[in-house]
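**Student:** Below is the structure I would like to discuss, written out as structure tokens.
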Amino acid sequence: SERILELSSFELPMENDWENLTDPILLSVFSYLNFHELNYASKSCKNWYRVAQDESLWRELSFRYLGSRFSRHDDSWKSELKRLTYHAPVHLHQTCESHVDEVYNVCFSKSGKYIATCGLDGNVKVWLFGPNTELLHSRQVVDPPSYVNYVEFNEAETHLLLNCMIKGDTGDQCLLAVMSIEKKFAVIAARQSWFPNFRGTWLNNDTFLNADVLAYFFSNDNIKLVACTFYEEDLDDPFLLERPLLDRLSDNNVDLRSFLEMERDEFRPHFVKVIDWSEWNRDSPTKRTEDSNDNEKVVILFQRSLEWDGVQRIVFYKADIDSETPSVTDPIKTIFIN
């Protein structure tokens with residue numbers, strides 16, 4: 001018992017001595033730590049925490065990890081190192097060697113696991129994203145001078161929506177096409193889009209959005225947004241999967257349903273996105289509970305003026321995508337971009 005008491009009385013001053021080390025000694029020891037270790041050390045006691053906040057330590061760490069080319073923008077070197085480490089953009093790049101011409105669009109899947117690319121060479125490719133991005137699928141959808149202008153994953157990451165510009169002797173035409181990732185990267189559905197700059201988007205995993213722009217050019221009718229639901233149960237024949245893209249226009253595997261009409265004006269629709277109505281009112285708890293059915297959506301259109309003034313705008317519409325008759329509605333909001 002005397003030995004235990006003697007050891008206890010010997011160790012107690014040692015613990016107090018660690019807490020009472022002088023600032024120069026602590027600064028010297030802390031200078032060998034990285035910023036994670038320095039944060040852990042600062043939690044030991046109040047004295048260590050005080051010394052661990054010294055600007056000279058964090059300035060040295062900033063120079064060590066980031067180089068001396070940075071000037072301090074935040075109030076302290078510690079907050080500056082945190083900002084540059086966790087919040088500043090990081091430039092990552094990899095040469096897309098598989099394409100042989102200009103790449104027009106790059107799209108991430110919802111999970112972030114996959115990347116889709118398309119471009120002037122008429123190819124569409126899907127890549128597994130990672131430290132060494134790996135090519136998983138590739139298909140020549142159209143032959144130059146035709147090209148693929150846009151590509152987008154559906155939420156389930158099973159299909160791609162393509163915007164294809166077909167060059168021909170009788171003129172150009174634009175197609176919206178669906179490509180199946182699970183069926184050997186085959187095009188399984190296509191619809192003609194009379195307005196080449198309208199990219200289309202997904203409404204759900206088996207339905208994409210097109211625009212009835214034929215009326216836009218040749219009549220005074222409203223522009224219609226059309227939900228296009230495709231079916232692929234009859235496309236298991238390998239021969240059918242290899243058919244040319246234009247042959248898909250004659251397939252009867254796409255159901256069309258107009259769900260929104262917009263007043264005809266002097267703006268061309270280009271890009272479109274769809275969000276839930278609840279997302280539109282996410283900052284208002286009261287409004288979030290109103291009209292929050294799954295079929296209530298906000299359609300967001302980016303449009304450009306037909307005039308030479310270069311005016312652009314973003315227009316927001318509320319729409320019921322399950323409505324049997326298309327709703328004719330005014331925008332709930334319009335933002336002009338000069």
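Residue numbers for the sequence shown follow UniProt numbering, beginning at 1 and rising by one. Yeah, the Cβ is synthetic: ideal placement off N, Cα and C, and Gly gets one too.
Give the straight-line distance between the Cα atoms of Trp-18 and Ser-31, rounded to the nearest whole angstrom.
**Tutor:** Cα to Cα, the separation comes out at about 17 Å.
**Student:** Taking DSSP's pairing of strands, which residues face Pro-145 in a bridge?
**Tutor:** Per DSSP, none; premise fails for Pro-145.
**Student:** Between Phe-259 and Asp-169, how many whole angstroms is the CB-CB distance? I'm expecting something under 8 Å.
**Tutor:** No, Phe-259 and Asp-169 are not in contact; Cβ-Cβ is about 36 Å, not under 8 Å.
**Student:** For the 8 Å Cβ check, are there 3 or more pairs between the stretch 251 to 269 and the stretch 180 to 199?
**Tutor:** Yes: the two stretches touch, three or more of their Cβ pairs being nearer than 8 Å.
**Student:** Does DSSP put Thr-201 in a helix, in a strand, or in coil?
**Tutor:** Three-state result, Thr-201: strand.
**Student:** With 16 other CB atoms within 10 Å as the buried threshold, where does Ala-52 fall?
**Tutor:** Answer is buried; the Cβ neighbour count reaches 16.
**Student:** Quick one: what does DSSP say Lys-82 is sitting in, helix, strand or coil?
**Tutor:** Note: Lys-82 maps to helix in three-state DSSP.
**Student:** Could you tell me which residues DSSP pairs with His-87 in its beta bridges?
**Tutor:** Answer is none; His-87 lacks a bridge partner.
**Student:** For the beta strand (DSSP E) that contains Lys-127, what are its first and last residues?
**Tutor:** Lys is not the amino acid found at residue 127; the sequence shown has Trp there. Start and end: 123 to 128.
**Student:** Does the distance from the CB of Leu-161 to the CB of Val-178 come in under 8 Å?
**Tutor:** Yes. Within cutoff.
**Student:** Report the residue from Ser-180, Ile-181 and Cys-164 whose alpha carbon sits nearest the alpha carbon of Cys-174.
**Tutor:** Measuring from the Cα of Cys-174, the nearest candidate turns out to be Cys-164.
**Student:** Can you list, in chain order, the residues of its chain with a C-beta nearer than 8 Å to that of Gln-303? Leave out the 5 residues immediately preceding and following it.
**Tutor:** Only Phe-267, Arg-268, Pro-269, His-270, Gln-312, Arg-313, Ile-314 and Val-315 meet the Cβ criterion.
**Student:** Under the assumption that Gly-122 contacts Val-148 (Cβ atoms under 8 Å), give the Cβ distance between them as a whole number of angstroms.
**Tutor:** Between Val-148 and Gly-122 the Cβ distance is about 6 Å, and since that is below 8 Å, they are a contact.
**Student:** Mind checking Asn-210: buried by the 16 CB within 10 Å criterion, or exposed?
**Tutor:** Buried is the call here.
**Student:** Tell me whether Tyr-65 is buried or exposed, calling it buried when 16 or more other Cβ atoms sit within 10 Å of its Cβ.
**Tutor:** It counts as exposed.
**Student:** If you compare alpha carbons, which of Phe-230, Leu-245, Lys-43 and Tyr-150 is closest to Phe-198?
**Tutor:** When each option's Cα is compared against that of Phe-198, the closest is Tyr-150.
**Student:** Let me confirm a value: Phe-153 is counted as buried when at least 16 other C-beta atoms fall within 10 Å, else exposed. Which label applies?
**Tutor:** With 16 or more Cβ atoms within 10 Å of its Cβ, Phe-153 is classed as buried.
**Student:** DSSP on residue 363, reduced to helix/strand/coil?
**Tutor:** Here the chain comprises residues numbered 1 to 338, so residue 363 is not present and cannot be evaluated.
**Student:** Once you ignore the five residues that flank Gly-112 on each side, which residues in its own chain have a CB closer than 7 Å to its CB?
**Tutor:** Correct list, in chain order: Phe-129.
**Student:** Tell me whether Glu-27 sits in a helix, a strand or coil according to DSSP, three-state version.
**Tutor:** Glu is not the amino acid found at residue 27; the sequence shown has Leu there. Helix.
**Student:** Based on the DSSP output, what are the partners of Arg-239 in its beta bridges?
**Tutor:** Sequence inspection shows Phe at residue 239; the Arg mentioned does not correspond to that position. Bridge partners of Phe-239: none, in fact.
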